[in-house]
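**Q** Could you have a look at this structure, given as structure tokens, before my questions?
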Amino acid sequence: MNYRMIAAAALLLGSTVAGAATVKYQLGVEAYHETYKETNGGQPFMKEEAPMLGLNGAAIIATSPLDEVVLDGRFARGKSDYTGAYQGGQYGSVQLSDLKRHTWELGATYKHLVPDWDGAKLGLGIGTRYLEDRLDKYVGGYRRENTLNYLSFVLERPTQLSDGWSVNPAFKYKLLLNGTQKSHVSGGTLTHNQDKGMGYDLSLEFAKTSGQTEWVITPFLRAWHIKTSESVYVVNNSTLYQTYEPDNTTKEIGISLGVRF
Numbered sequence: 241m242n243y244r245m246i247a248a249a250a251l252l253l254g255s256t257v258a259g260a261a262t263v264k265y266q267l268g269v270e271a272y273h274e275t276y277k278e279t280n281g282g283q284p285f286m287k288e289e290a291p292m293l294g295l296n297g298a299a300i301i302a303t304s305p306l307d308e309v310v311l312d313g314r315f316a317r318g319k320s321d322y323t324g325a326y327q328g329g330q331y332g333s334v335q336l337s338d339l340k341r342h343t344w345e346l347g348a349t350y351k352h353l354v355p356d357w358d359g360a361k362l363g364l365g366i367g368t369r370y371l372e373d374r375l376d377k378y379v380g381g382y383r384r385e386n387t388l389n390y391l392s393f394v395l396e397r398p399t400q401l402s403d404g405w406s407v408n409p410a411f412k413y414k415l416l417l418n419g420t421q422k423s424h425v426s427g428g429t430l431t432h433n434q435d436k437g438m439g440y441d442l443s444l445e446f447a448k449t450s451g452q453t454e455w456v457i458t459p460f461l462r463a464w465h466i467k468t469s470e471s472v473y474v475v476n477n478s479t480l481y482q483t484y485e486p487d488n489t490t491k492e493i494g495i496s497l498g499v500r501f
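Okay, here's the thing in structure tokens:
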């Protein structure tokens with residue numbers, strides 16, 4: 241099943257609904273620090289750290305006073321510092337810098353306001369995250385592409401404050417549906433399936449209303465934990481090798497500045 245097609249269908253549905261609904265748009269910039277780690281047998285295997293800059297946006301389609309559909313996306317790019325080792329070497333023996341990487345993410349979420357829960361919002365959505373990692377800058381490196389398709393479960397608690405201010409703490413749990421890691425090595429492309437994993441987002445949105453416009457500042461934490469992939473076996477010089485993507489984690493800590501209108 242192609243979950244990108246499901247996401248595209250959700251976008252089309254949202255556009256159709258928007259004809260008879262109230263629509264708000266949000267545009268913003270974001271900056272964050274990304275830390276990616278791989279472990280093998282519980283031991284450090286590889287780490288990348290990167291400052292990332294990007295853009296984000298959303299269409300918020302209110303279909304009733306209690307219901308809304310949110311279509312959102314983001315794009316970011318940066319350069320990472322790499323710590324690892326060559327095959328059979330000791331972790332930390334290889335350190336590289338200025339490795340280009342970029343990422344994008346698309347999502348569609350239905351949210352429902354629950355008055356009996358003191359104004360909390362519950363949400364259910366679907367999303368796709370893509371990351372390209374250019375480890376091929378140096379000899380022995382290779383280009384990597386990672387795609388994660390997931391379900392999301394959202395809990396928010398928007399609260400109006402004084403003087404036009406509001407605050408909205410939010411938690412999103414992300415359940416991995418499927419994922420692929422493509423490694424473009426010298427002998428071809430290896431594709432490893434990643435079917436076990438989860439993630440979460442924590443954010444605290446502060447908004448200031450000025451007329452029909454809201455100015456928004458949002459500190460956030462985004463995280464993933466992806467389990468060891470399925471193995472792929474390759475033959476090289478008449479020798480059979482087992483290949484896989486190790487257990488890995490990602491953390492992104494940053495802030496977003498935006499406007500909603």
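Using the working numbering, the letters of the sequence shown map in sequence onto residues 241 to 501.
Heads up, the beta-carbon is just placed ideally off N, CA and C, and yes, glycines get one too.
1) Quick check: what's the CA-CA separation for N386 versus E308?
2) Work out the CA separation of Q421 and M245 for me, nearest whole Å.
3) Measuring CB to CB, does A463 end up less than 9 angstroms from R500?
4) Are M409 and E445 touching if we call contact CB-CB under 9 angstroms?
5) Could you tell me the alpha carbon to alpha carbon distance between T479 and Q283, rounded to whole angstroms?
6) Return the bridge partner residues of N433 from the DSSP annotation.
7) Using C-beta distances below 7 angstroms, list every residue in its chain close to A261, excluding the 5 sequence neighbours before and after it, in chain order.
8) Is DSSP giving L346 helix, strand or coil here?
9) What whole-angstrom Cβ distance do Y322 and E345 have, given they're in contact under 8 angstroms?
10) Using the rule of at least 16 other Cβ atoms within 10 Å of the residue's Cβ for burial, across every protein chain shown, is Y481 buried or exposed?
11) Please report how far the alpha carbon of P398 lies from the alpha carbon of L388, in whole angstroms.
12) Do you know how far the Cα of L391 is from the Cα of H465?
13) Three or more beta-carbon pairs under 8 angstroms between the stretch 349-362 and the stretch 327-337, yes or no?
14) Does A260 come out as helix, strand or coil in the three-state DSSP assignment?
15) State the Cα-Cα distance for the pair V456 and S320, rounded to the nearest angstrom.
16) Could you tell me the boundaries of the beta strand (DSSP E) in which Y382 lies?
**A** The answer reads as follows:
1) Taking the straight line joining both Cα atoms gives about 30 angstroms.
2) Residue confidence for M245 is low, a pLDDT of 49 falling below 50, so the modelled location carries little weight and cannot support an answer.
3) One thing to note: A463 has its Cβ no nearer than 9 angstroms to the Cβ of R500.
4) Reading off the sequence shown, one finds Pro at residue 409, where the question assumed Met. Judged by their CB atoms, P409 and E445 are nearer to each other than the 9 angstroms cut-off.
5) If you take the alpha carbons of T479 and Q283, they lie about 26 angstroms apart.
6) Partner(s): T420.
7) Within the same chain, A261 has close Cβ partners I301, A302, T303.
8) Of the three classes helix, strand and coil, the one that applies to L346 here is strand, per DSSP.
9) Taking the Cβ atoms as the reference, Y322 lies roughly 23 angstroms from E345, outside the contact range of under 8 angstroms.
10) By the 10 Å Cβ count, Y481 comes out exposed.
11) Cα to Cα, the separation comes out at about 29 angstroms.
12) Cα-Cα distance, rounded: 15 angstroms.
13) With the cut-off at 8 angstroms, the stretch 349-362 and the stretch 327-337 do not touch.
14) Of the three classes helix, strand and coil, the one that applies to A260 here is helix, per DSSP.
15) Straight-line measurement puts the Cα of S320 at about 28 angstroms from the Cα of V456.
16) It is not in any beta strand (DSSP E) - Y382 carries neither H nor E in the DSSP assignment.
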